[in-house]
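Number of protein chains: 2
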Amino acid sequence: MQRTRFGDMACSIARTLDIAGEPWSPLIIRDVWVGTNRFDDIQRGLGISRKVLAERLAWLQAQGVLERRPYSERPPRDEYVLTEKGLELCEVLMAITAWGDRWTAGEAGPPVLLRHRTCGLLTYAEVRCAQCGEALHASDIGFELGPGAEPAPEGVEKI
Amino acid sequence: MQRTRFGDMACSIARTLDIAGEPWSPLIIRDVWVGTNRFDDIQRGLGISRKVLAERLAWLQAQGVLERRPYSERPPRDEYVLTEKGLELCEVLMAITAWGDRWTAGEAGPPVLLRHRTCGLLTYAEVRCAQCGEALHASDIGFELGPGAEPAPEGVEKI
DNA sequence: CACTTGAGTTCCCTAAGGGAACGGTCTATC
DNA sequence: GATAGACCGTTCCCTTAGGGAACTCAAGTG
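Chains as they are written, first to last, in our numbering: chain A, -19 to 139; chain B, -19 to 139.
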């Protein structure tokens, strides 16, 4: 559903959800990331309706998260690949995966393991402070108004 | 909509989306995180339908992401707070915020700034390798079957 | 006692998702 | 060279979830 547009909110979370937060979108991005780049393969793999898949792909492409790349001249066929913008979204997906592995995998353990090619080890994503490098915990965060904060509405003085 | 249940998929991303991926859910969690703990405040702040908010709160509570805590005896009133499970989800929200700040904030800059109380500096979330501590990039990741991988369906040999 | 606040619940309407069928284009096969 | 099959969508109808406003209920306030 989601008739309410998140894109206009002065909130980076809402804006990100507006781009890639609809149901299926993160899973489509994951598929493209792991090498499922073609319409039919994505559709079969996810069990998503073809209609919705076509909508999502067009939207993600319009948002600059995906782009089409021809992989065959005759017949003319395109596949979907991640842009830089889309690749960076995968870091969010890794953080989601880490949470899911920890809280939803249960006895069986994680369905997929990530190997960091740079260091060669099996690993998982850790969200850390860009300044001090320590793990970031929700309870250690304070919020301050940024430059892009919403201007206070009519006569309301914010903070 | 989302009639398709993500929770049954052998994928930590899908399972996480099943718990907190519906439209509004991440924004509700964000609100509770930053201190908007009461029904009416969340509803006004987000502009979400009261019906949907009630549904989401009940679901998130059932999933162990939120819990109710009484803040008044007479009249009996509860507010919503994050559980440990919910607090750790906020790390995902921080990763989302970092992406949104980078790709959607534009000229105006980020609407909200995060201060890491531990080190005292304004910061943003960086997704790093839990093993080597370097930044994790999507292109540096290899995937391997984990212990909780879906058993190959009827007669199909996976990999 | 009328009014307000907080927290939901109910109802109707509309729009989005699911599913299946159809379309077009090229290649491979009998 | 007709037929089948892969690929990539589009169209159609049906169901269901979200939006919005009104309603409920309980407790406190002037």
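Ideal Cβ placement from N, Cα and C applies to all residues, glycine included. Just so you know, these numbers come straight off a predicted model, no measurement behind them.
Identification of residues in the segment 42 to 73 of chain A having a C-beta nearer than 8 Å to some C-beta of chain B yields L62, K65, L67, E68, L69, C70, E71, V72 and L73, given in sequence order. C-alpha of A38(A) to C-alpha of F19(A): approximately 12 Å in a straight line.
Counting along the chain, V12(B) sits inside the alpha helix (DSSP H) bounded by residues S5 to V14. The residue among R36(B), G122(B), G100(B) and V72(B) with its C-alpha nearest the C-alpha of R82(A) is V72(B). Shortest Cα-Cα distance from R49(A) to any of I9(A), N17(A), P91(A) and A(-6)(A) involves N17(A). Comparing C-alpha distances from C109(A) to each of L(-3)(A), T103(A), L102(A) and A118(A) shows the shortest one belongs to A118(A). In the three-state DSSP reduction, S29(A) falls in the coil class, being neither helix nor strand. Residues A(-10) of the same chain have their beta carbon placed closer than 7 Å to that of A129(B), with the five preceding and five following residues left out of the count.
A distance below 6 Å between beta-carbons, with the five flanking residues on each side excluded, links F(-14)(B) to the following residues of its chain, in chain order: A(-6), L(-3) and D(-2).
Rounded to the nearest whole angstrom, the CA to CA distance from E59(A) to I9(A) is 13 Å.
It is roughly 21 Å from the alpha-carbon of G126(A) to the alpha-carbon of V107(A).
At a Cβ-Cβ threshold of 8 Å, E114(B) and C99(A) count as neighbours. A residue is called buried when at least 16 other Cβ atoms come within 10 angstroms of its Cβ; G66(B) meets this threshold and is buried. Exposed is the label assigned to R97(A), since fewer than 16 other Cβ atoms lie within 10 Å of its Cβ. For T103(A), the pairing in a beta bridge is given by DSSP as L94(A).
The beta-carbon of T84(A) is placed less than 8 Å from the nearest beta-carbon of chain B. About 12 Å separates the beta carbons of L33(B) and V12(B), which is beyond the 8 Å limit, so they are not a contact pair. Per the C-alpha coordinates, the member of D(-12)(B), Q43(B) and A88(B) positioned closest to L62(B) is Q43(B). In chain order, P91 and V92 make up the part of chain B whose C-beta sits under 8 Å from the C-beta of A129(A).
The residues P50, in chain order, have a CB closer than 8 Å to that of P56(B) in the same chain once the five nearest residues on each side in sequence are set aside.
Of the residues G27(A), V14(A), P6(A) and Q111(A), the one whose Cα lies closest to the Cα of T(-16)(B) is G27(A). S52(A) is bridged by DSSP to R57(A). L101(A) counts as exposed, since fewer than 16 other beta carbons sit within 10 angstroms of its beta carbon.
In this chain, the alpha helix (DSSP H) harbouring E64(B) covers E64 to W83. Of all alpha-carbon atoms in V14(B), S5(B) and G15(B), the one lying nearest the alpha-carbon of S29(B) is that of S5(B). Among the residues of the segment 101 to 117 of chain B, those with a Cβ less than 9 Å away from any Cβ of chain A are L101, L102, T103, Y104, A105, E106, V107, R108, C109, A110, Q111, C112, G113, E114, A115, L116 and H117, in the order of the chain.
Interface criterion not met: the Cβ of L37(A) is under 8 Å from no Cβ in chain B. Closest option to G80(A), judged by alpha-carbon separation, among I76(B), E68(B), W79(B) and A88(B): E68(B). If the five residues before and after L93(A) are omitted, its C-beta is found closer than 7 Å to the C-beta atoms of L102, all from its own chain and listed in chain order. Listed in chain order, the non-local C-beta contacts of Q111(B) below 8 Å within the same chain number zero, local neighbours out to five positions each way being set aside.
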